[in-house]
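Visitor: Protein sequence lines correspond, in order, to chains G and W.
4 is the number of the first residue of the first sequence in our numbering; add one for each residue after it.
147 is the number of the first residue of the second sequence in our numbering; add one for each residue after it.
Cβ coordinates follow ideal geometry from the N, Cα and C atoms, glycine included.
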Amino acid sequence: MAEAVDLKAIGTRPIRPDGIDKVTGRAAFGADLNLPGMLYGKVLRSPHAHARIKSVDLSCALEADGVLAAISGADLPNESPSDLAKNVLARDKVLYHGHAVAAVAAKTLAQADAAIDLIDVEYEVLPPVLSIDEAIADGATLVNESQHTNGDTSKPASNVAATTMFERGDVDAGFAEADVIVESEHRVPTAHQGYIEPHACTATANEDGKSTVWCCTQGHFEVRSLTAQVLGEPVGNIKVIPSEIGGGFGGKTIIYLEPLAVKMSQISGRPVKMMMSREEVFRATGPTSATWCKVKVGAKNDGTITAATAWLAYEAGAFPGAPVGPGCMSVLAPYDLANFRIEGNDILVNKPKVCAYRAPGAPQSMHAMECAIDELARKLEMDPIDLRMKNAAGEGTQAPYGPTFPPVGLKECLEAARKHPNWTSPVPEGAGRGLAVGFWFNIGMQSSAEVRIAEDGMVTVMEGNPDIGGSRAGMALMAAETLGVPYEQIKAHVGDTEATGFCNVTGGSRTTFATGMAVIQACEDIIAQCKQRAALTWDLDEDQVDWVDGEAVPKPGVNADVKPLSLGDIARGAGRTGGPLLGRASLNAQGAGASFSVNLMDAKVDKETGKVDVLSFTAIQDAGRAIHPSYVEGQMQGGAAQGIGWALNEEYIYDAEGVMENAGFLDYRVPVASDLPMIDTEIIEVPNPSHPYGVRGVGETPIVAPLAAASNAVRDQLGFRIDDLPLSPPRVLEAIDAQG
Amino acid sequence: MGAYAYLAPSNVSEALAALQREADAGNRTQMLAGGTDVLVQMRSVDRGERTFVDVKHVEEANHLDIGDDEIFIGAAIASAILFENEELKGILPGLLESSDLIGSTQIQGRATIGGNLCNSSPAGDTIPALIACGAICVIASPGGNREVAVEDFVTGVGTNVLSATEFLIGFRVPRPQGKSSSAYLRFIPRTEMDIAVAGAGVALTLDDSGTCTAAKVSIGAVAPTALVVPDAAAALVGSKVDDAALAAAADACSVAASPITDKRGTVEYRRKVVGVLCKRAAGIARDRAAAL
């Protein structure tokens, strides 16, 4: 399937269809919708990281000026509420500072702000659990008294919500065979996705029980089902219309405000708009896990890795569900190993419930292992590319998590790195150079698409994945390629939950792969219909008609004196041949190809201040097939920027009571443009055999390798390793001073 | 948010009258220059009712006068305008580079040195630079103008000597003579759009042999207010501003600093880095002076 024969549209770089609206400010984002009579909703948030709620009194707030609704947990369905429901609005306990406790809706934002302060909540304050070490210590305070590890109630309750294990071969024998062993532990701090657009939604409930929600989300079908679940309503009661989205990176795959807005609209009979402040985004939405990883790897003198182990502990926040499973899947995925053991631990702490963040869980565990592999190369006095190449996973390698890899591009990325100027050029004077491998397995899941042909032949592609990274352009390119018509003839459209078929979330790097495949199949449906219509028009059999370059033509050898029929020709005459042309497809996509990367980074530490300057950065990644190369490069650069930020400065800083001290972009330091060099990219194309054009998801892998690339570059310059992240100036200077 | 009023007087006497009138009516007033601090605070930490009195339209606060002995810089002049003034940049490089560090290009079109001082943050970048170059605040007061040295202007975190009926018109700065120059450096974990973890402003004068004959050193973000560090200046004066003198000045700054540990840095880190900044800033000022 994957042979690319004379691709015409795919691989070109046209302007994205949503581009003009976005650069002119015309595009409507989550907070941009206003409706007549609309109220403003605000959330009262917990001032404690851990406390029992003794009572919530809304009466004063309900009497306040302009207030038309006020709710607490008691106002939502309370028969064994899900973790999600308890996160949306706390019930018996608040589990982190910023946890939603109550909400009000008032005629003005100022009235809503004022009313929040009138809600009287009585708390019994409990000691907070603020780190993995505290959580797993003997006699630790329990975040959830009824949480047992893996649900095993025969054992005492624990903050370890779940454990996972991947194991193969004989680890002890493997280490016994090793000539060199490296062992280290690494901590990576909590990091937020840092999307520019805070969460926002507007909801309006009708008297017939039906509600409409407008919101910024990565998946409006999930918003529909989750909102329905929290409110105890049928899915069919709720329609969700996605706005344009100002970044998500996994953080907008979940809901926070939507059920509150719907509920308060039901109570007040008015539309309710809710918008988080940046501070609320930091305090109450899911970042990714802080982690503690212990890794060990052994090799023979020739570089053959004989055994590796990883012990991973990930903070889940207030409810189970840290991405430690994917962390386990990824940590050793680049290597073809006979003996390994990977243990994962999902740990409850009194912090916000974590949420997906770009390759969830992989950056942290792979940071640890790629640091260890770097040290292994140093001990073996072996080139780090040679060491990785010697052990690299390829087609036929059984991944640590079970399946056998079809063709994957790790070796091709390593070879490209070996030839890249960022590797072959001398390391700049006084600087260091780091290399690391990244990986993400990617997912498929369910998608639907419709292709509609207007009477002039214009093509509308209708699908249901919010466009975060240029996916409309990608869909249009695949449709143009399949149909054989110009890109400009295609309009790609993201439909709401009632305008288009079900699509899972825009996440897992699945959209271009899975929804793209649905679009391609829907286009093939159109082609089949066009051939049928042409056959009818020409009085031929269907199998006597071909579709070539956007036109129906008689097959070679068919004796017919007819002019080719274009899409427009057939559409114009569609009324005579069976009605409008409408193609459709739905699928549960299998075979999302894993995407490997290799990153190179030159960095220079100011030894008097501890500041790390990034001198150059190169991202090399297997895209399978780059549908729109600019947006593939954009993903690679964006992921690199986020990974570098996490490596160098981003972290949640908590006080002793569990209050985040840097809940804003001033002190939660994502890189600004001038902090980064131009990030060089090289797209490798090892086609994914499971996709018609060879696509692999590319969105997540880019954030994985920068963490270890940074650590390894700093190690290279300083001559010693700093195990933990971020490599912030105070940490780096302290480490330099400790070396004397 | 509360109710806000906005006044835009066009000269000092109108502004003073407005402040007095509001005070007499029991209204809270706040001076507004670029608004790059005030407007942010108004939307976050301090939403109370008040009357804003905009200094951007006050004629005297927009004067820039580069005299032979003295320079006057109006408190309401945007940093971007100052930084485009090549003559002033040559004369007071330390002060101009300190104001150029604050905010993005867009912010600099609004932000002012006067506003930075009146915001009175411990981390205000222009404050050590103003102190190092000997700037004097010219304050409009009901009884006539009064003058206060910049090092005496800020009284604590977010507080200063201005009463509710006074405002800052601008700065008198002695024009550096001979081989005199200045520099300001701050440390931030990023390259821009950040707040100083530590800052150091140095102004110095060299004689024809390259020996330092006068110096003033001020450090920021390492105490509730910017500090003057006479010991650091003393370490430079009489030296060729060589490595030994620079190291001694750095040590003096580290000793003089009394920082706190917070989300932006630890006590130990700030002490160390403020010395490094002093050393580097003094080296830059020396090179600039020597090139005159």
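Can you find a CB in chain G that lies within less than 8 Å of the CB of residue 419(W)?
Guide: yes
Visitor: Only counting the same chain, and skipping five residues up and downstream in sequence, which positions put a Cβ closer than 7 Å to that of residue 258(W)?
Guide: Answer for residue 258(W): 179, 180, 221, 222, 223, 224 and 225, listed in chain order.
Visitor: Am I right that residue 708(G) and residue 441(G) are in contact with their C-beta atoms under 8 Å? What's the rounded C-beta distance?
Guide: Sure, about 3 Å apart at Cβ, within 8 Å.
Visitor: Anyone know if the C-beta pair for residue 359(W) and residue 374(W) falls short of 8 Å?
Guide: no
Visitor: What is the C-beta distance between residue 604(G) and residue 713(G), in whole angstroms, given that I count them as a contact (C-beta under 8 Å)?
Guide: At roughly 6 Å, the Cβ-Cβ gap stays under 8 Å, so residue 604(G) and residue 713(G) are in contact.
Visitor: For residue 66(G), which of 47(G), 167(G) and 117(G) has the nearest alpha-carbon?
Guide: 117(G)
Visitor: In chain W, what lies closer than 9 Å to residue 677(G) by C-beta?
Guide: What residue 677(G) touches in chain W: 336, 337, 338 and 339.
Visitor: Residue 134(G) CB to nearest chain W CB: under 8 Å?
Guide: no
Visitor: Tell me whether residue 425(G), by its Cβ, gets closer than 7 Å to a heavy atom of the ligand SAM.
Guide: As for the ligand SAM, it is missing from this structure, which has no ligand bound.
Visitor: Using 8 Å as the limit for Cβ to Cβ distance, is residue 411(W) near chain G?
Guide: yes
Visitor: Confirm, please, whether the CB-CB distance from residue 661(G) to residue 162(G) is below 8 Å.
Guide: no
Visitor: Pull up the DSSP beta-bridge partners for residue 634(G), would you.
Guide: Answer by DSSP bridge pairing: none, since residue 634(G) is not bridged.
Visitor: Does residue 432(W) pass the burial test, meaning 16 or more other C-beta atoms within 10 Å, or should it be called exposed?
Guide: buried
Visitor: In chain order, what are the residue ranges of uninterrupted alpha helix (DSSP H) at least 4 long that sit wholly in the region 489-550 of chain G?
Guide: Runs of the alpha helix (DSSP H) inside the region 489-550 of chain G: 519-541.
Visitor: Residue range of the alpha helix (DSSP H) that residue 691(G) falls in?
Guide: Run containing residue 691(G): none; DSSP gives neither H nor E here.
Visitor: Please list, in chain order, the chain G residues whose beta carbon lies closer than 8 Å to that of residue 333(W).
Guide: 612, 614 and 732
Visitor: Applying the criterion that 16 or more other CB atoms from any shown protein chain within 10 Å of the CB defines a buried residue, is residue 142(G) buried or exposed?
Guide: Burial call: exposed.
Visitor: Rounding to the nearest angstrom, what Cα-Cα distance links residue 305(G) and residue 711(G) in this structure?
Guide: 23 Å
Visitor: Which same chain residues end up closer than 6 Å to residue 389(G) when comparing Cβ atoms and leaving out the 5 residues on each side of it in sequence?
Guide: Hits under 6 Å: none found.
Visitor: Reducing DSSP to helix, strand and coil, say where residue 339(W) ends up.
Guide: coil
Visitor: Looking at chain G, is there any beta carbon in it that lies within less than 8 Å of the beta carbon of residue 151(W)?
Guide: no
Visitor: Of all the CB atoms in chain G, is at least one closer than 8 Å to the CB of residue 330(W)?
Guide: With respect to chain G, the C-beta atom of residue 330(W) has no partner C-beta closer than 8 Å.
Visitor: Any Cβ of chain G within less than 8 Å of the Cβ of residue 401(W)?
Guide: no
Visitor: Counting only beta-carbon separations shorter than 8 Å, does residue 665(G) have a partner in chain W?
Guide: yes
Visitor: For residue 674(G), which residues in chain W fall below 8 Å Cβ to Cβ?
Guide: Going along chain W in sequence order, the residues near residue 674(G) (Cβ under 8 Å) are 336.
Visitor: Let me see if you follow: with CB-CB separation under 8 Å, is residue 422(W) close to chain G or not?
Guide: yes
Visitor: By the three-class DSSP mapping on this structure, what secondary structure does residue 344(W) have?
Guide: Strand, per DSSP.
Visitor: Nearest-angstrom Cα distance between residue 366(W) and residue 175(W)?
Guide: 28 Å
Visitor: In its own chain, which residues sit with a C-beta less than 8 Å from the C-beta of residue 166(G), not counting the 5 before and 5 after it?
Guide: 152, 153, 346, 347, 348 and 349
Visitor: Do you know how far the Cα of residue 188(G) is from the Cα of residue 132(G)?
Guide: 22 Å
Visitor: From 183(G), 43(G) and 257(G), pick the residue whose C-alpha is nearest to that of residue 377(G); which is it?
Guide: 183(G)
Visitor: In angstroms with no decimal places, state the Cα-to-Cα distance between residue 153(W) and residue 255(G).
Guide: 43 Å
Visitor: Given a threshold of 16 other Cβ atoms within 10 Å of its Cβ, counted over all protein chains shown, does residue 6(G) qualify as buried or as exposed?
Guide: Residue confidence is low: residue 6(G) scores 49 on pLDDT, short of 50, so the model does not pin down where it sits. Its coordinate-derived value is still stated next. Label assigned to residue 6(G): exposed.
Visitor: Rounding to the nearest angstrom, what Cα-Cα distance links residue 314(W) and residue 402(W) in this structure?
Guide: Linking residue 314(W) to residue 402(W) through their CA atoms gives a straight-line distance of about 29 Å.
Visitor: Identify the continuous alpha helix (DSSP H) that holds residue 415(W) and give its terminal residues.
Guide: Here the alpha helix (DSSP H) through residue 415(W) covers 413-436.
Visitor: With burial defined as no fewer than 16 other Cβ atoms inside 10 Å of the residue's Cβ, what is the status of residue 720(G): buried or exposed?
Guide: buried
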